[in-house]
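Going left to right, the sequence shown walks through residues 0 to 529 as numbering that gives the first Met the number 0 numbers them. Reading through the structure tokens given below for one structure.
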Amino acid sequence: MSKKGKKVITITLLGFLYIVSPIDAHAGWQQTLESNFDIAETFDELKDWGANGLYPSGSGDSRAYDPALLPKKIDGSASRWGYWNNKYPTAIVGAINNGPFQTGETVTNGLGANWEYRQTYVIDGVTYIRLQDAIYGQSVGAFQVGHTIRGLASGATATITAWPKIIADHGTNKWRSEGKSLMMNLGDNDNADGAMAGIGAQRLGMFLGDGATGKSGYKKVHVFMMVKFAPTYFGASGNQADIDYVRVFKFVDVCSGFTRIDEFGTPAEQQFIEQTAQTATEYGANCSVVNVNGGGLSNAGRAWYTEIIATATPTPDIVPPSIQTYYGKSRLPMDMFNNDVAYQSRGADFNTIYDTGKAAGEWIGLEIIMDIGTTNASNGSTELFIYDKQGVVRGHFTATGLSKLVYFDHYYNKITLGGNRRTGPSTSNTDGRYWVDDFIVDDARIGLKYFAALAASKDPRVYDSEWLPLNRGELTGKTDLRNLLCIVDLGSVFITNKQINDKKNYTRHVDCRKSGYCAGAFKRSCRFRD
């Protein structure tokens with residue numbers, strides 16, 4: 000995919016040139032990212048969106064792909080998001096009177112609708128009740144905002160005041176302290192009545208292909224996002240090292256070969272795959288599922304990402320076996336631990352990168368780079384970069400020589416956030432929300448360029464076209480280096496000097512007279528404040 004034609008500015012970082020489109024003071028952040036990357040979703044220019052009491056259960060539910068139920072742009076046109084589901088229908092209610100409700104009892108609105116009550120949550124003073132939808136046959140009719148529901152066994156009552164918003168201004172849970180973000184809430188298949196569910200989306204996906212062939216999209220795809228987990232998501236204490244056992248936590252799927260968001264392959268290719276919703280609709284024949292792993296006795300204090308590479312394999316009971324393939328038979332799990340000596344040994348353990356002494360619950364950046372390779376060859380690859388909230392790379396994983404494409408000559412063209420979660424009773428009783436913002440897809444490295452654009456959006460002078468790399472003679476003992484502005488990747492430079500973070504201008508001031516930093520700093524684009 001090609002970038003839009005724009006006037007650009009060249010920026011030197013770490014010896015590399017980064018091309019960033021100029022910042023238009025009248026343009027929004029969405030437009031800024033769109034001018035620099037193939038696909039960008041800030042969520043800021045989408046309408047507030049939620050499930051409104053619906054419960055598409057998964058890939059086999061037609062409501063999951065219904066354009067009328069998917070996120071829309073502010074002007075009412077379709078967004079890029081083409082697939083969603085929600086773990087359970089959950090409503091916001093006022094005070095519960097004569098309560099509590101009893102798990103499993105029927106609740107009615109007195110107007111012919113009868114659902115099943117399962118659970119109550121109170122978050123930041125807001126009360127949510129989780130119900131059971133008609134998809135399993137336990138309920139009839141529809142509840143609406145304004146309806147008062149009553150438990151037939153308990154006699155408890157509550158009035159529905161709203162449905163939770165999945166895409167909205169989530170207050171402190173949005174990146175850049177402005178705009179909107181996406182709230183995810185996966186529930187827990189191991190503990191359905193203990194885990195928080197239905198407050199955010201369980202899945203949200205987009206299609207990247209041309210609609211004609213599975214070999215459209217990206218041979219090598221870069222996926223970036225900012226992510227924030229609720230402080231007690233992984234453990235009740237909220238401490239960085241408090242990570243309860245994670246059995247399954249599907250974080251993002253990167254799949255290949257789709258011709259629509261809900262259809263793998265062409266009609267001819269469809270003849271040779273297993274006709275199940277999982278293969279034909281959800282994952283396709285060759286897919287990478289990125290999970291969160293960690294916790295428990297054997298991995299105490301650790302949380303990291305794992306790639307599950309699923310490739311099509313022959314079905315043995317079909318003759319001839321070489322042409323009938325299906326998803327999930329051949330799986331290669333690969334822990335994406337830091338394996339780059341430039342960073343700390345556990346730098347890719349994302350729970351370790353929050354500010355020292357602070358609990359979990361800060362924003363982190365995640366960039367996944369996948370090359371699908373070619374058919375029947377071990378030439379695929381995966382990279383992972385973990386960034387802290389300042390844009391500093393804290394961990395880096397690389398793997399090459401991977402077999403990702405056995406049958407079907409396809410490209411990556413479907414990405415889905417979220418999925419199933421299975422963690423048992425401990426973690427699932429904590430706050431199960433996390434937030435995603437500034438989701439970006441491109442064909443080249445995203446992270447450094449993204450954080451450069453972010454800094455420029457805060458102070459356009461940072462990327463004035465007159466900026467040049469510093470010469471050593473420009474700095475003297477009398478130079479006021481507090482007014483020196485430089486953009487640097489601090490994760491790649493050994494630094495011994497004190498660093499001061501200028502909150503006003505979102506730039507980092509460093510004393511280049513100190514040892515251990517000057518040699519690197521002279522190679523970067525810097526200038527003195529006007």
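All residues carry an ideal CB built from backbone N, CA and C; glycine is no exception.
*Candidates A302, N285, S402 and R330, of which the one nearest V291 by Cα*: Closest by alpha carbon: A302.
*So what does DSSP say about T102, is it helix, strand or coil?*
Correct three-state label for T102: coil.
_Using the three-state DSSP reduction, which class does P332 fall into: helix, strand or coil?_
In the three-state reduction of the DSSP assignment, P332 falls in the strand class.
*asked:* I'd like to check one pair, Y411 with Y217: are the Cβ atoms closer than 9 Å?
replied: In this structure, Y217 places its C-beta atom within 9 Å of the C-beta atom of Y411.
_Cβ separation of Y82 and A63, assumed to be a contact under 8 Å, to the nearest whole Å_ = About 6 Å; that satisfies the 8 Å criterion.
_Euclidean distance between Cα positions of D241 and Y433_ = One C-alpha to the other measures close to 17 Å.
*Is there contact here, the segment 397 to 415 with the segment 246 to 260, by at least three beta-carbon pairs under 8 Å?*
Touching, per the Cβ criterion.
*Taking the beta strand (DSSP E) that Y433 falls in, what are its first and last residues?*
Y433 to D441 is the extent of the beta strand (DSSP E) around Y433.
*Rounded straight-line distance, which links the Cα of M224 to that of G538*: Outside the displayed span of the chain (0 to 529) sits residue 538, for which this structure offers no information.
*Counting only the same chain and skipping the five closest in sequence on each side, list residues whose C-beta sits under 6 Å from that of T397.*
If you ignore the 5 residues before and after T397, its C-beta comes within less than 6 Å of the C-beta of E382, all in its own chain and listed in chain order.
*Same chain, Cβ closer than 6 Å to E543, neighbours up to 5 away in sequence not counted*: Shown here, the chain extends from 0 to 529; a query on residue 543 therefore has no answer.
*At which residue ranges does the segment 164 to 237 contain complete beta strand (DSSP E) runs of 3 or more residues, listed in the order of the chain?*
180 to 183, 202 to 206 and 219 to 228, all fully within the segment 164 to 237.
*Determine the extent of the beta strand (DSSP E) in which L383 is found, giving its start and end residues.*
Here the beta strand (DSSP E) through L383 covers G379 to Y386.
*Counting only runs that start and end within the segment 254 to 280, where is the beta strand (DSSP E) found for 3 or more residues in a row?*
Entirely contained in the segment 254 to 280, the beta strand (DSSP E) runs reaching 3 residues are, in chain order, 257 to 259.
*Using 8 Å as the Cβ pair cut-off and three pairs as the minimum, do the segment 183 to 200 and the segment 111 to 130 touch?*
Contact annotation: the segment 183 to 200 touches the segment 111 to 130, with at least three C-beta pairs closer than 8 Å.
*Span of the alpha helix (DSSP H) holding W28?*
Looking at the DSSP string, the run of the alpha helix (DSSP H) that includes W28 is W28 to E33.
*asked:* Could you give the first and the last residue of the continuous beta strand (DSSP E) run that contains A302?
replied: Counting along the chain, A302 sits inside the beta strand (DSSP E) bounded by residues N298 to P313.
*In its own chain, which residues sit with a C-beta less than 7 Å from the C-beta of V92, not counting the 5 before and 5 after it?*
T126, I128, A157, T158, I159 and T160, listed in sequence order.
_Same chain, Cβ closer than 8 Å to N350, five either side skipped, listed in chain order_ = Taking N350 as the centre and dropping the five residues before and after it, the same chain places the C-beta of F233, Q239, A240, I242, G293, G300, R301, A302 and A359 closer than 8 Å to its C-beta, in chain order.
*Starting from Y449 and walking both ways along the alpha helix (DSSP H), at which residues does that stretch end?*
Boundaries of the alpha helix (DSSP H) harbouring Y449: G446 to K457, taken from the DSSP string.
*What residue does the beta strand (DSSP E) around E40 start on, and which one ends it?*
Residue range I38 to E40 is occupied by the beta strand (DSSP E) that includes E40.
*Separation of T422 from R246, as counted between CA atoms*: Each residue's Cα considered, the two are about 5 Å apart.
_Rounded separation between D488 and Y449 - CA only_ = For D488, the pLDDT reaches just 38, beneath the cut-off of 50, and the residue's location in the model is therefore unreliable, although a value from the coordinates is still provided. The alpha-carbon atoms of D488 and Y449 are separated by roughly 12 Å.
*Buried/exposed call for E465, threshold 16 Cβ in 10 Å*: Bear in mind that the predicted position of E465 carries a pLDDT of just 36, short of 50, making it too unreliable to give a figure here.
_Opening and closing residue of the beta strand (DSSP E) in which S287 lies_ = C286 to G294 is the span of the beta strand (DSSP E), which, as asked, contains S287.
*Proximity to N108 [Cα-Cα], best of H221, F142, F257 and G186*: Taking only the C-alpha atoms, the option nearest N108 is F142.
*asked:* Let me check one thing: in DSSP terms, what residues is W83 bridge-paired to?
replied: DSSP output for W83 lists L203 as bridge partner(s).
*If you run the structure through DSSP and keep just helix, strand and coil, what is L45?*
Residue state, collapsed to three classes: strand.
*Span separating the alpha-carbon of M335 from that of A50*: Straight-line Cα distance between these residues: approximately 33 Å.
*Kindly indicate which residue of G103, N97, Q101 and L45 has the alpha-carbon position closest to the one of A77.*
Closest in alpha carbon position to A77, among G103, N97, Q101 and L45, is L45.
_For R345, tell me which candidate among H395, D387 and T312 has the shortest Cα-Cα distance._
Nearest to R345 by alpha-carbon distance, out of H395, D387 and T312, is H395.
*asked:* Quick check: the Cα distance between T9 and Q29, rounded to an integer number of angstroms?
replied: With a pLDDT of 39 at T9, under the threshold of 50, the modelled position of that residue is not reliable, and the figure given next carries that caveat. Cα to Cα, T9 sits roughly 21 Å from Q29.
_Option in T105, N113, V106 and F100 with minimal Cα separation from T119_ = Considering only alpha carbons, the answer is F100.
*asked:* By the DSSP assignment, the beta strand (DSSP E) with E115 in it spans what residues?
replied: Unbroken beta strand (DSSP E) run through E115: N113 to I122.
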